[in-house]
Amino acid sequence: MSHRSSLSVGLTLFVTLALSACAQPIVNQQPNQVPVPAPTPTQSTMTMTPEDAWDAFALVADNSCQEAYTGLVEEDVAGPDVGKLKVRLTFAQAGENSLATIAPNGVAEMVEYNEFFACEADFLFATLDENGSDRVIPEYSPDWPIDISFDATNGTYITAQVMEDGSVRNLVYTVTNNLFTSVDDVDLGSTTTLTYGQPNATLTQAVNDFWDSYFAN
């Protein structure tokens with residue numbers, strides 16, 4: 037083989053190898069994995085000490101009762117009193133005569149302000165301290181007649197209140213935007229939803245009619 041032929045073969049082999057290398061598939065390298073920080077726990081995933089649960093629940097109770105002054109409808113959606121309404125008008129609508137319960141058959145009756153779920157816990161806190169403390173929320177004590185715990189699995193507050201007759205009332209409070217929005221009475225098997233804001237015209241008229249009839253008798 038001549039020197040020129042050997043050079044030609046060598047160049048051909050070099051070009052072939054170069055083209056073969058260019059034809060190999062390109063494998064993209066995975067970018068460096070950046071660790072993703074765990075989400076910051078929220079109230080619904082945090083555990084609370086008895087003291088923390090007491091303070092947090094008491095603040096929601098106060099918020100709920102204050103919001104109830106803007107109007108409130110509590111409706112039993114499950115249990116023995118299903119369909120029953122507790123209606124609270126604003127003072128601007130009805131003055132002191134702003135509260136009534138309305139049964140599914142339309143019959144209205146009187147109800148006290150502390151009988152609304154939105155306000156009864158706040159009322160209890162206000163009456164606990166018999167020493168006349170100026171604290172709006174009394175300090176936590178295991179000796180108070182109500183035990184409050186927080187269920188971190190669903191974000192609800194559970195209360196067990198010792199009543200005057202020695203029985204225990206068990207309630208589960210659902211909280212939305214720092215307001216009580218649903219209350220389950222464990223013992224009665226009932227659920228009540230809470231809706232804040234002025235009641236509609238029909239419910240407002242029903243409350244006014246009840247009080248007109250009450251004072252007419």
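Just so we're aligned, residue 37 is where the sequence shown starts under our numbering, counting upward by one.
Note that beta-carbon positions come from the ideal geometry of N, C-alpha and C, so glycine has one too.
Cβ shell of residue i (< 7 angstroms), same chain only, five flanking positions each side left out
i: Val118; result: Asp112
i: Asn214; result: Val96, Asn99
Cα-Cα separation between residue i and residue j, rounded to whole angstroms
i: Glu87; j: Ala196; result: 15 angstroms
i: Ala139; j: Lys120; result: 5 angstroms
i: Val143; j: Ala89; result: 39 angstroms
i: Leu108; j: Thr240; result: 11 angstroms
i: Lys122; j: Leu230; result: 9 angstroms
i: Val219; j: Phe251; result: 33 angstroms
i: Asp98; j: Asn253; result: 36 angstroms
i: Met199; j: Phe93; result: 19 angstroms
i: Asp158; j: Glu148; result: 14 angstroms
i: Pro181; j: Leu135; result: 28 angstroms
i: Ser203; j: Val222; result: 13 angstroms
i: Ile173; j: Thr189; result: 26 angstroms
i: Cys101; j: Phe161; result: 12 angstroms
i: Asn150; j: Asp91; result: 20 angstroms
i: Asp201; j: Thr83; result: 32 angstroms
i: Asn236; j: Ala104; result: 15 angstroms
i: Glu110; j: Thr163; result: 23 angstroms
Other residues of its chain near residue i: CB distance less than 8 angstroms, five sequence neighbours each side excluded
i: Val211; result: Val96, Gly191, Thr192, Tyr193, Thr217
i: Ala114; result: Gly225, Ser226, Thr227
i: Thr106; result: Thr126, Tyr232, Gly233, Gln234
i: Pro116; result: Leu224, Gly225, Ser226
i: Thr137; result: Lys120, Leu121, Lys122, Val123, Ala144, Glu145, Met146, Val147
Opening and closing residue of the alpha helix (DSSP H) in which residue i lies
i: Glu103; result: 86-104
i: Asp245; result: 237-252
i: Ala156; result: Position check: residue 156 holds Glu in this sequence, whereas Ala was assumed. Start and end: 153-164.
i: Ala188; result: Run containing Ala188: none; DSSP gives neither H nor E here.
The beta strand (DSSP E) enclosing residue i, as first and last residue numbers
i: Thr227; result: 226-232
i: Ala114; result: 108-114
i: Ala136; result: 135-138
i: Val123; result: 121-124
Same chain only: Cβ atoms within 6 angstroms of residue i, ignoring 5 sequence neighbours per side
i: Asn141; result: none
Stretch-stretch touch, CB-based, cutoff 8 angstroms, three pairs: the segment 126-135 with the segment 201-210: no
message: For the segment 175-195 against the segment 137-154, do three or more pairs of beta-carbon atoms, one drawn from each stretch, fall closer than 8 angstroms, so that the two count as touching?
response: no
message: With three or more beta-carbon pairs closer than 8 angstroms as the criterion, would you say the segment 241-251 touches the segment 182-191?
response: no
field: Contiguous beta strand (DSSP E) assignments of at least 3 residues, all confined to the segment 199-224
entry: 204-212, 215-221
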